[in-house]
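Quick note, the sequence shown lines up with residues 754 to 1201 if you use my numbering.
Virtual Cβ for every residue (Gly too), placed ideally from N, Cα, C.
Keep in mind the model is a prediction, meaning the values are calculated, not measured.
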Amino acid sequence: MPFLSRRWVGGNVGRICLPQTVNEDNCKQTMAHPDISGRRHSVMANLQKRIVRTYCHYSIWVFSAVLWLGITTENVWSARYAITDLGTLGGSSSFALGLNAAGTVVGDSLPAGNAPEEAFRYRDGIMTGLGTLPRGAQSRAYGVNDEDAIVGHAYFPDLEGFVYKAFLLRAGVMTNLGTLGGPSSSAYALNNSGWIVGSSQLELGETRAFLFRDGVMTNLGTLGGDFSSAYSINAAGIVVGESRTNNDVNIMRAFRYDGNMLDLGTLGGARSAAYGINAENVIVGGASVVGGQLHAFRYDGIMHDLGTLGGSGSVAIAINAAGVIVGNSTIAGSPALHAFVHDGTMRDLNNLIPAGGGWVLTTATAINDQGQIVGRGEHNGQLRGFLLTPSLTVQYSVRADGAVEITSDGFLYEARALNGPFTGLGVKTLTIEPGAVNGDRFYQAREK
């Protein structure tokens, strides 16, 4: 799963906290439907690619949802998301932790009567409890791939509290993945090949990152210390996580594993952890700066500090193929956490949903290549998992010379007129020069 913790409580492998920016021991666990309105022109857009007719000399067709816009003067729309409250399994809270390309969400929720938490799958507007392993008391789902295979862990009562067992749920069958010899294990993520990563205790109690492939759980080792845990894996099988470099509990480092474990370093402090990796092998996580506060980072061979939302700390939890990053950050003048999205600039997701909906989004835990985001927040005072779906995120203007400028909050990856394509793929801004803007033509820009 893309967001995990760094502190094993009571020696149990399955206890996971969000990577908090202030108090790493504080386990915290955030949807609705926005209106889309443009300025000066009426605009209608939805995920069903509804067409808006315009009556102008020329038009532009822009879509993440599909949209035709008549252009006469400058028009701007801010990035916005439709937000869905995932509800619960009957209890008081839920937490969304994983997401696949089709928008299937997994996590955990309290059932009716606030019985012990249970893993769930949310699909087509319905939350379904997934149960637990035989004799298990609780469960939590962390990751789901595009084949709808789900991983997580189940909790088992023990004389000393709880132990955890990693599971794989596929085709309705939940399978215990076992351990590396110790009592506990947890599975956090899997790729579309079915390779699973997580952590497990050894016979003597130390914790190790593992890769589970073809029915075999493999110990990935450490960077020299007595602890490691793997949190994410991409299609190429590259694994990321965190490891101690020695037995000092205060020194933890983000790693990249592709047969050998590479220390990714820090932002000047003693600690770092990697929580997500995309298809381009770009890694995200949190690393301490001089002074000890955690800052979100992006690593592409160099570790880049992504800053904060004005507060003292932040953590990046997941990244999609387009390089859009999500996580959480403290805000100015407060220790409160807010969920963020970062696509060149870190933005508070609370500012990108409809106002007045009763939401405070506290963390974002996963993002897919369609730009959908899941996480957790408070909805009218109740802890809830959420799903964000992108609405209109493109803006355009017409220059005095007649050229049209299209700007995306994501990346434009397709732009064409009826008579041929334009260049500029993978950019945030595309300019259609005056000579190409005449007659009754339609232009298409698509966000990625």
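Considered as a whole, the region 962-1040 harbours 969-972, 981-986, 992-997, 1005-1010, 1014-1016, 1021-1030 as its complete beta strand (DSSP E) runs of no fewer than 3 residues, in chain order. For P864, the uninterrupted beta strand (DSSP E) run begins and ends at 858-864, by DSSP. D911 sits exposed, since fewer than 16 C-beta atoms from the chains shown fall within 10 Å of its C-beta. Around the beta-carbon of P1143, 16 or more other beta-carbon atoms lie within 10 Å, marking it buried. In this structure, S952 lies near F963, with their beta-carbon atoms less than 8 angstroms apart.
By the beta-carbon neighbour count (other beta carbons within 10 angstroms, threshold 16), I1055 is exposed. According to DSSP, residue pairing for N1081 in a beta bridge involves V1068, A1092. Scanning G1029, I991, G860 for the CA closest to the CA of M1014 turns up I991. Judged by DSSP in its simplified three-state form, N1103 adopts helix. When the alpha-carbon of H1048 is set against those of L839, A1007, A855, the nearest one is in A1007. G840 sits away from A849, with the two beta carbons spaced by 8 angstroms or more.
In this model, H1057 and S1082 are separated by some 16 angstroms (Cα to Cα). If you draw a straight line from the Cα of T1118 to the Cα of A988, it is about 19 angstroms long. Straight across, the Cα-Cα distance linking S981 with I1070 is about 17 angstroms. Taking the Cα positions, E1158 is about 20 angstroms away from R833.
Sorting N972, Y984, L886, G1044 by C-alpha distance to the C-alpha of I1036 places Y984 at the top. With contacts defined as CB atoms closer than 8 angstroms, A1026 and G1038 qualify as a contacting pair. In this structure, Y875 sits away from Q891, with a CB-CB distance that is not shorter than 8 angstroms. Here N929 carries a strand assignment [DSSP, helix/strand/coil]. Residues T783, W1112, V1113, T1115, R1137 of the same chain have their beta carbon placed closer than 8 angstroms to that of E1131, with the five preceding and five following residues left out of the count. Ranked by how close their Cα comes to the Cα of V1079, the residues G1086, L1090, A1085 have L1090 in first place. For the pair D1122 and A1074, the CB atoms are nearer than the 8 angstroms cut-off.
If the five residues before and after G889 are omitted, its C-beta is found closer than 8 angstroms to the C-beta atoms of A907, Y908, F909, K918, all from its own chain and listed in chain order. S938 is the residue among D901, G1109, S938, G896 whose C-alpha sits nearest the C-alpha of F915.
Around the Cβ of V1127, a 10 Å sphere holds 16 or more other Cβ atoms; the residue is buried.
By DSSP's assignment, E871 forms a beta bridge with S862. Residues V859, A894, V897, L922 of the same chain have their beta carbon placed closer than 6 angstroms to that of I903, with the five preceding and five following residues left out of the count. The alpha-carbon of L1140 is positioned some 5 angstroms away from that of T837.
When DSSP states are grouped into helix, strand and coil, V1043 belongs to the coil group.
Each residue's CA atom was taken as its position, placing L852 and D899 some 9 angstroms apart. Cβ contact annotation for N867 (same chain, cutoff 7 angstroms, sequence separation greater than five): G844, S845, in chain order.
In the three-state reduction of the DSSP assignment, P1143 falls in the strand class, which pools E and B. Rounded to the nearest whole angstrom, the CA to CA distance from L1102 to E959 is 38 angstroms. For P887, the closest C-alpha among the options Q1046, N929, A940 is that of N929.
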